[in-house]
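Asker:
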Amino acid sequence: RSVPGLPLLLAADRLLTGCHLSVDVVLGDVAVTQGRSYWACAVDPASYLVKVGVGLESKLQESFQGAPDVISPRYDPDSGHDSGAEDATVEASPPFAFLTIGMGKILLGSGASSNAGLTGRDGPAAGCTVPLPPRLGICLDYERGRVSFLDAVSFRGLLECPLDCSGPVCPAFCFIGGGAVQLQEPVGTKPERKVTIGGFAKLD
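Counting with mature numbering (1 follows the signal peptide of the UniProt record, and there is no 0), you get residues -18 to -1, 1 to 186 for the letters of the sequence shown.
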């Protein structure tokens, strides 16, 4: 079967921050505006490239409606503007946080090195790949402006990073090529649902 290869996996990790790739996007229908939220999903290991994460609802909609200026100078340390006001906001939290998945593996970005659970000798280094677990968990702390990704089977931390929570935040799934994500419903609620894109049309 076709696999993306590490160069494309690295390029997909920069999606929404400077890499232009054709992408299909599914946004959550309920946005988070307070408190702590947790949800889990299973990514089909045969998926070509999938990004799982969260983002400011307004920024996600702006980005995927083909806005000509997706990257705001507020988040670009080399925008060419020299005002003191911009210098004060250059460290602002990013509006998106995603895990990039391909080849049955997860690419860990630079935020992995800030996760206290991954800085020991046995933890994966930032920029490396780790095997895709059967289920991924996403934990959002709205008040702290932090999002954590974890192995939802072993509850081992994978990535923790800051997130701009100045507005409603919603789950987001990005598909480059064919892919499938199965949402894990809480016990006692509706059956599991599967989101399919491209060549993966089967339903459970």
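For each residue, glycine too, the CB sits at the ideal point set by N, CA and C.
(1) Of all the options R128, F157, Q16 and F131, which has the alpha carbon lying nearest to the alpha carbon of V32?
(2) Who are the Cβ neighbours of G149 in its own chain at under 6 Å, not counting the five residues just before and after it?
(3) Taking the alpha carbon of residue 201 as the point to measure from, which residue in G35, D26, F155 and E44 has its own alpha carbon closest?
(4) P153 and V135 look like a contact to me (Cβ under 8 Å); what is the Cβ gap, rounded to whole Å?
(5) Would L140 pass as a contact of D133 if the rule is Cβ separation under 8 Å?
(6) Whole angstroms is fine: what's the gap from I88's alpha carbon to R138's?
(7) With C-beta atoms as the reference, is S29 less than 8 Å away from G161?
(8) With DSSP run on the structure shown, which of helix, strand or coil describes L42?
(9) In whole angstroms, what separates the C-alpha of V5 from that of V163?
(10) Find out if the Cβ-Cβ distance for the pair V12, C23 is shorter than 8 Å.
Answerer: On the basis of the supplied data:
(1) F157
(2) L38 and S40
(3) Because the chain spans -18 through 186 in this model, residue 201 falls outside it and cannot be assessed.
(4) The beta carbons of P153 and V135 sit about 20 Å from each other, so the pair does not count as a contact at 8 Å.
(5) Taking a C-beta distance under 8 Å as the contact criterion, L140 and D133 qualify as a contact pair.
(6) 14 Å
(7) yes
(8) helix
(9) 15 Å
(10) no
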